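Shown next, in structure tokens, is the structure this report addresses.
Number of protein chains: 2
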Amino acid sequence: MSIPSIVVHGGSGEIPASIRKTDVKMKYLDAMKSALDEGYGMLKNGASALEGVMMAVQILEDCELFNAGKGSVFTVKGEHEMDAAVMDGKNLEAGAVAGVQGIKNPVRLAGDIMEHSPYVFLAGREAEEYARRREFEFMPASYFHTEFRANQWKKTRGSGEMQLDHSSDDDDQQGTVGSVAVDEKGNLAVATSTGGMTNKAWGRIGDSPLIGAGTYANNKTCAVSCTGHGEYFIRGVIAYDVSCRMEYGEASLEEAAEKAINDRLKNLGGEGGLIAVDARGNIAMPFNSEGMYRGMKNEHRTFTQIL
Amino acid sequence: MSIPSIVVHGGSGEIPASIRKTDVKMKYLDAMKSALDEGYGMLKNGASALEGVMMAVQILEDCELFNAGKGSVFTVKGEHEMDAAVMDGKNLEAGAVAGVQGIKNPVRLAGDIMEHSPYVFLAGREAEEYARRREFEFMPASYFHTEFRANQWKKTRGSGEMQLDHSSDDDDQQGTVGSVAVDEKGNLAVATSTGGMTNKAWGRIGDSPLIGAGTYANNKTCAVSCTGHGEYFIRGVIAYDVSCRMEYGEASLEEAAEKAINDRLKNLGGEGGLIAVDARGNIAMPFNSEGMYRGMKNEHRTFTQIL
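For the protein sequence lines, the chains are A and B, in the order given.
For the first sequence, the tail end lands on 308 under my numbering, and the numbers increase by one without skipping.
For the second sequence, the tail end lands on 308 under my numbering, and the numbers increase by one without skipping.
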């Protein structure tokens, strides 16, 4: 028997002055708390870690404050292309999807691919065909249109640059979302979901849907969800790096997570963070950016923080 | 100074009786030998490991015997969707592309994404837009149409199943291609390219273009290119697993490669193999399938084999 714990993140980067204001900050903390409460409640009632993390991420996808699902950023073409992945630490099964439009909850589509397709990873218009066949809910473009993301896009658009989560002094930059959990049977799971980078082009896929880069879970070691500048997490294979430091280097969860971010990622020049949990309920939340929207809940405490 | 070495693979799986015939077998061995000779010649003339592996893979893409570039298998829609990745072990830079049609040499597109885009991984129709902007050569569908792939597809099509590299007793099943090399400066590099699975659907992406799954290189440890049932290589993060066993577990290249295939991949139920090289020119080519099309060349010897 393990003690159930759940952790969430809502992106990482520079934290604009406006978000440091108490009332705005509370909106973000409350949103993460809702996700933690719901996920934790399920774990307490015997749900699996996988069910818990998928519910927590679904709640964050439905919240327009975060860059996933409803709050997704705009691509260079003014569209919303979303990526997500899930992994079950019990059997190392995984599902992932990239570059899909119109799907209300990409994390559920990733879960469905894991359970009901012979594949792990589907992408683009054809992944949407799969979703249609599986009777997924599609939302019109208006559902994904939020004023602050549109403004963010208009500002970036002319400049030709891509904005990362929280990479500018703009109130409205929020990040990728993710959750890791351990259930009472000691099973670990992870889910990650994102709208990617503002103004991204050419069908860019980041680290979130890539097993081993932004998302990884294994009961023997840990469950990990990353957030930050995706290209560096891909090149560093950061999520699996945490697991390998534990499995082959006998590091603790905390040491492994710390080194993956402040040694490996940093040496590559990358910025971001991760959340991680092991089967004993140990939790790590290292980041090398200014802040990371993060929170955790177990029977002893509930914690949410940005800086 | 290191002694230049180059290794190639042309897929793994069951080896049909017809391919065991001397004359047919020689066609495959000769094709791999051409790739090795050309790549090795470049390395001897001072080219980088990256240049060497890209040339070797380009030659295998242009050869219709292998499932990459010209010999790519058919998707469920009767099209050819190709994936490729490259990684430079010197600086951990990487480029990858998935689900592109019409590109003569996907490996060159992956290299261009690494060098000229701010991203690591592009996919689908938008990745083709990138290729057009970068003035890549596109070939008509007829270039990719080979009789034996068409027959293979027609057979699989009705059955609703997906065929893997060499997974049936069909003469004409050939696999993913890849190359790893070390150059005289001790730099490592990898390139992998594939047409995926016959009859694949829904924009399926396999392990080949995923950094850490099918493709990985790091001067500190090794360069690795995988071939086999991609879904298992993704879930096992096999290429980076080899590197981590060396970096954190202090395994030799041979032990690390052997365990990644015959321990980790096998425990997941997966079949396939990999080629790997380290900075001292050690080479490993483990597989747990019946055969793997493979070869290596250094100043001491040239070797090609299937079973």
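Just so you know, even glycine gets a beta-carbon here, dropped at the ideal spot from N, CA and C.
Because the structure is a prediction, the values reported are computed rather than measured.
Beta strand (DSSP E) segments (min. 3 residues) lying fully within the region 42-67 of chain B = Within the region 42-67 of chain B, no run of beta strand (DSSP E) reaches 3 residues while sitting entirely inside it.
In chain order, each beta strand (DSSP E) run of at least 3 residues that lies wholly inside the region 193-254 of chain A | The beta strand (DSSP E) runs lying completely inside the region 193-254 of chain A and spanning 3 residues or more are 216-218, 224-229, given in chain order.
C-alpha distance - G207 (chain B) paired with G237 (chain B), whole-angstrom precision = Locating residue 207 (chain B) in the second sequence gives position 206, counting from the first residue. Locating residue 237 (chain B) in the second sequence gives position 236, counting from the first residue. So the alpha carbons of these two residues sit roughly 13 Å apart.
Chain-ordered neighbours of L123 (chain B) on chain A, where CB pairs are closer than 9 Å | Numbered from 1 along the second sequence, position 122 holds the residue referred to as residue 123 (chain B). A202, W203, G204, R205, I206, listed in chain order.
Give a yes or no on whether the C-beta atoms belonging to D84 (chain A) and G72 (chain A) are separated by under 8 Å.
-> Counted from its first residue, the first sequence places residue 84 (chain A) at position 83. Counted from its first residue, the first sequence places residue 72 (chain A) at position 71. With a cutoff of 8 Å on beta-carbon distance, D84 (chain A) and G72 (chain A) are scored as not near each other.
Taking I235 (chain B) and V54 (chain A) to be in contact with their CB atoms under 8 Å, please state how far apart those CB atoms are, rounded to whole angstroms.
-> As a first step, residue 235 (chain B) must be located in the second sequence, where it is residue number 234. As a first step, residue 54 (chain A) must be located in the first sequence, where it is residue number 53. Not confirmed; about 19 Å, so no contact.
Candidates A:V183, A:A280, A:I284, A:K22: which alpha carbon is nearest E255 (chain A)'s?
-> On the first sequence, position 254 is the one that residue 255 (chain A) refers to. Comparing alpha carbon positions, the residue from A:V183, A:A280, A:I284, A:K22 closest to E255 (chain A) is A:I284.
Could you have a look at G40 (chain A) and say whether DSSP puts it in helix, strand or coil?
-> Position 39 of the first sequence, counted from the first residue, corresponds to residue 40 (chain A). Three-state DSSP puts G40 (chain A) in a helix.
Mind checking K201 (chain B): buried by the 16 CB within 10 Å criterion, or exposed?
-> As a position in the second sequence, residue 201 (chain B) is number 200, starting the count at 1. By the neighbour-count rule (16 or more Cβ atoms within 10 Å), K201 (chain B) is buried.
For A128 (chain B), which residues in chain A fall below 7 Å Cβ to Cβ?
-> Mapped onto the second sequence, residue 128 (chain B) falls at position 127. Listed along chain A, the residues sitting closer than 7 Å to A128 (chain B) by beta-carbon distance are W203, G204.
In three-state terms, what does DSSP make of T305 (chain A)?
-> On the first sequence, residue 305 (chain A) is found 304 positions in, with the first residue counted as 1. Three-state DSSP puts T305 (chain A) in a strand.
Go to L110 (chain A), then tell me how far its alpha helix (DSSP H) extends in each direction, as first and last residue.
-> On the first sequence, position 109 is the one that residue 110 (chain A) refers to. Note, L110 (chain A): alpha helix (DSSP H), 107-117.
Closest Cβ-Cβ distance between V238 (chain B) and chain A: below 8 Å?
-> For this step, residue 238 (chain B) is matched to residue 237 along the second sequence. Closer than 8 Å to the CB of V238 (chain B) there is at least one CB belonging to chain A.
At a Cβ cut of 7 Å, what residues of the region 243-271 of chain A count as close to chain B, listed as they run along the chain?
-> Listed by position along the chain: C245, R246, Y249, G250, L269.
Under 8 Å Cβ-Cβ, which residues of chain A neighbour I212 (chain B)?
-> For the purposes of this step, residue 212 (chain B) is taken as residue 211 along the second sequence, with counting starting at 1. Here the neighbours are L211, A214, I235, R236, V238.
For N106 (chain A), is the classification buried or exposed, using 16 other Cβ atoms within 10 angstroms of its Cβ as the cut-off for buried?
-> Counting from 1 along the first sequence, the entry for residue 106 (chain A) is found at position 105. So N106 (chain A) ends up on the buried side.
Taking C-alpha atoms, which residue in B:L30, B:M88, B:V108 lies nearest to T195 (chain B)?
-> The sequence position of residue 195 (chain B) within the second sequence is 194, counting from 1. Residue nearest to T195 (chain B) within the set B:L30, B:M88, B:V108 is B:V108 (criterion: CA-CA distance).
Contact with chain B by H10 (chain A), beta-carbon distance below 8 Å = Looking up residue 10 (chain A) in the first sequence gives position 9. Answer no: the Cβ-Cβ gap between H10 (chain A) and chain B never drops below 8 Å.
Sequence-distant residues of its chain with Cβ nearer than 6 Å to G204 (chain B) (five each side left out) | Numbered from 1 along the second sequence, position 203 holds the residue referred to as residue 204 (chain B). G100, listed in sequence order.
Is G72 (chain B) helix, strand or coil by DSSP?
-> Taking the second sequence and counting its residues from 1, the one referred to as residue 72 (chain B) is at position 71. Taken through DSSP and simplified to helix, strand or coil, G72 (chain B) comes out as helix.
Could you tell me if S118 (chain B) is buried or exposed, where buried requires 16 or more neighbouring beta carbons within 10 angstroms of its beta carbon?
-> Sequence index remark: in the second sequence, residue 118 (chain B) carries index 117 (1-based). Taking every protein chain shown into account, the CB of S118 (chain B) has 16 or more other CB atoms within 10 angstroms, so this residue is buried.
Rounded separation between K341 (chain B) and E94 (chain B) - CA only = Not covered by the structure: residue 341 (chain B). The range shown for chain B is 2 to 308.
For G125 (chain B), I'd like the list of residues in its chain whose CB is within less than 8 Å of its CB, leaving aside the five on either flank, ordered along the chain.
-> Position 124 of the second sequence, counting from 1, holds the residue named residue 125 (chain B). Cβ within range, chain order: A99, G100, V101, G204.
Tell me the DSSP bridge mates of L123 (chain A)?
-> Sequence index remark: in the first sequence, residue 123 (chain A) carries index 122 (1-based). Looking at the DSSP assignment, L123 (chain A) forms a beta bridge with A:V98, B:R205.
At least one CB of chain A closer than 8 Å to the CB of G318 (chain B): is that the case?
-> This structure leaves residue 318 (chain B) out entirely; chain B is present only between 2 and 308.
C-alpha gap between A192 (chain B) and A32 (chain A), whole angstroms | Looking up residue 192 (chain B) in the second sequence gives position 191. Looking up residue 32 (chain A) in the first sequence gives position 31. A192 (chain B) and A32 (chain A) have their C-alpha atoms roughly 43 Å apart.
Interface flag, A95 (chain A) vs chain B, CB-CB below 8 Å | For the purposes of this step, residue 95 (chain A) is taken as the residue at position 94 of the first sequence. Chain B places a beta carbon closer than 8 Å to that of A95 (chain A), counting this residue as a contact.
Return helix, strand or coil for I262 (chain A), following the three-state DSSP convention.
-> Position 261 of the first sequence, counted from the start, is the residue given in the question as residue 262 (chain A). Assignment of I262 (chain A) by DSSP, reduced to helix, strand and coil, places it in the helix class.
I think S3 (chain A) touches E185 (chain A), with their Cβ atoms under 8 Å apart; what is that distance to the nearest whole Å?
-> Start at 1 with the first residue of the first sequence, and residue 3 (chain A) comes out as number 2. Start at 1 with the first residue of the first sequence, and residue 185 (chain A) comes out as number 184. Sure, about 6 Å apart at Cβ, within 8 Å.
Exposed or buried, which one is F139 (chain B) when buried takes at least 16 other CB atoms within 10 Å?
-> As a working mapping, residue 139 (chain B) is identified with position 138 in the second sequence. By the neighbour-count rule (16 or more Cβ atoms within 10 Å), F139 (chain B) is not buried but exposed.
Do T228 (chain A) and H10 (chain A) have their CB atoms nearer than 8 Å?
-> Position 227 of the first sequence, counted from the start, is the residue given in the question as residue 228 (chain A). Position 9 of the first sequence, counted from the start, is the residue given in the question as residue 10 (chain A). In contact: T228 (chain A) and H10 (chain A) (Cβ atoms closer than 8 Å).
Excluding five sequence neighbours on each side, which residues of the same chain lie with their C-beta closer than 6 Å to the C-beta of L51 (chain A)?
-> As a first step, residue 51 (chain A) must be located in the first sequence, where it is residue number 50. Cβ contact annotation for L51 (chain A) (same chain, cutoff 6 Å, sequence separation greater than five): D89, A190, in chain order.
Can you list, in chain order, the residues of the region 276-292 of chain A whose Cβ is nearer than 8 Å to any Cβ on chain B?
-> Within the region 276-292 of chain A, no residue places its CB atom closer than 8 Å to a CB of chain B.
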